[in-house]
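Structure first, commentary second.
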Amino acid sequence: MKMREIIKNVYWLGAVDWDRRLFDSLIPLPDGTSYNAYLIKGKEKTALIDSVDPPMTEKLLEQLSSISQIDYIISHHSEQDHSGAIPAVLELFPSATVLTTEKGKDMLTNHLLIPEEQFKVVEDGEEISLGDKTLRFIHTPWVHWPETMVSYLVEDKILFSCDFFGSHIATTDLYVTDEGLVYEAAKRYFAEIMMPFSNIIKRNMTKIAELKIKLICPSHGPIYDKPEFILNAYEEWISDKRENLVVIPYVSMHGTTRKMVEYLVGKLAEEGITAYQFDLVGGDIGKLAINLVGAATVVLGTPTIHAGPHPLAVYATYLLNAIRPKIKFITVIGSYGWFSNTVKQVVAMVPKLKNAEILTPVYCKGYPKEEDFKALDQLVQTIVEKHKSLKLL
Ligand code: FEO
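The sequence shown runs 1 to 393 under full-length UniProt numbering.
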């Protein structure tokens, strides 16, 4: 795809990756992704904003083939899907200066071996002039690495936000056309990489709120020509407000844990509580992450293997602890054959969920019996009371 004009002298370039299905060897990308770079031609200087994932380097170089000079390469974020082609761009434009944060410089010298003399570190709030256009750099750490920053094109009121506000979607549309699709993709992205830093993101959002913004140009997914759409979504996702939602990731070997999960889901629904049942066997972990963003409660369902949780439940628990949703209540249900240390092990695996209260687990020997179903009824009543205490019911 050729370079595309957004407004006069400001261009989209980069690559649409229709076929990518996994990011970081971890994150499912059901809709592919894009690596957006941008070019700003000022009267005196030209700036390239970010680059592309290394396998897409040729596409970027082809788009730049008609450009005679690049004075600045702005690196908002050192992760290779945005910085990976910078060395190749520097080979074409060796006099270009890489503008980034102090931490960004450290990362780019280490990850990409870019020589120190190629850099100029930019401070929070610092501006550079391209002649008739001014770029202001705003440090926005932890969206989602410590070095991240965004740029604001003052005269045109465009925010270049890199991963911040991004969505993994492959599309030929320059702008958001399907808000529902982009909302889910951006929420998936937020859940997987931003959610652990929600409190810091609140501070970054305050900085962004001071700007008048006409367009938000992220480095993944389409451009926002109605910025309030994604700004409002982020405000919702970082808020402390919980939803009347119980997320139930589970795995079952012989149907016992599934029986308990299905019983629980039915009873929660009868009480007016939304339940999200998620089979860890083959499920899209991104869907689980999306539902965790607003959930008030998590109930993990796992049988016992070698006295502890099933390895898939271990994976889900590890992920839960890593992405740190703001859940208020958590517990475990499942079964064992002759001995189990499962509940103790699961609880020990979530030290970062320190604000979540642990509810009484329901763990039964063999197939659930009358007293086990009664215990599940009791768990449902406890969840009802807890959700009422949050004014969710
Ligand atoms: Fe899109 Fe953190 O890289």
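Glycine included, C-beta positions come from ideal geometry on N, C-alpha and C.
- Annotation: Met195 is outside any alpha helix (DSSP H) and is labelled neither H nor E by DSSP.
- Looking at the DSSP output, Lys365 shares a beta bridge with Tyr336.
- In this structure the region 180–192 does not touch the region 50–67; the number of beta carbon pairs closer than 8 angstroms is below three.
- The C-alpha of Ile238 lies about 43 angstroms from the C-alpha of Ser68.
- Judged by DSSP secondary structure, Asn244 falls within the beta strand (DSSP E) whose first and last residues are 243–250.
- A distance of 7 angstroms or more separates the beta carbons of Leu22 and Ala37.
- Judged by the Cβ position, Asp53 fails to qualify as a neighbour of ligand 1 at the 6 angstroms threshold, every heavy atom of the ligand being at least this far.
- DSSP places Tyr263 in the uninterrupted alpha helix (DSSP H) bounded by 256–270.
- Collapsing the DSSP output to three states places Pro55 in a helix.
- Within the DSSP secondary-structure output, Pro28 pairs in a beta bridge with Leu22.
- Within the region 194–231, the runs of alpha helix (DSSP H) at least 4 residues long that lie entirely inside it are, in chain order, 198–209.
- Residue nearest to Val350 within the set Tyr367, Lys328, Gly337 is Lys328 (criterion: CA-CA distance).
- Distances between the C-beta of Glu79 and the heavy atoms of ligand 1 include at least one below 6 angstroms.
- Taking the Cβ atoms as the reference, Lys214 lies roughly 7 angstroms from Asp156, within the contact range of under 8 angstroms.
- Taking non-hydrogen atoms of ligand 1 into account, the C-beta of Asp163 is found less than 6 angstroms away from one of them.
- For the pair Ser219 and Asp50, the CB atoms are nearer than the 7 angstroms cut-off.
- Here the alpha carbons of Pro249 and Leu312 stand approximately 10 angstroms from one another.
- Selection Leu159, Asp24, Glu147, Glu184 evaluated against Ile200 yields Glu147 as nearest (Cα-Cα).
- By the Cβ rule, the region 172–183 does not count as touching the region 269–277, because fewer than three pairs are nearer than 8 angstroms.
- The criterion of a C-beta distance shorter than 7 angstroms is satisfied by Ile73 and Ala96.
- Residue nearest to His254 within the set His77, Ser340, Lys43, Pro368 is Pro368 (criterion: CA-CA distance).
- Spatial neighbours of Phe197 in its own chain (CB-CB distance under 6 angstroms, excluding positions within 5 residues in sequence) are listed in chain order as Trp142.
- Taking the Cβ atoms as the reference, Ile158 lies roughly 11 angstroms from Val150, outside the contact range of under 8 angstroms.
- One thing to note: Val299 has its Cβ within 7 angstroms of the Cβ of Ile333.
- Met107 sits in a helix when the DSSP states are folded into three classes.
- If only complete runs of 4 or more residues are kept, the region 96–144 shows the alpha helix (DSSP H) at 102–111, in order along the chain.
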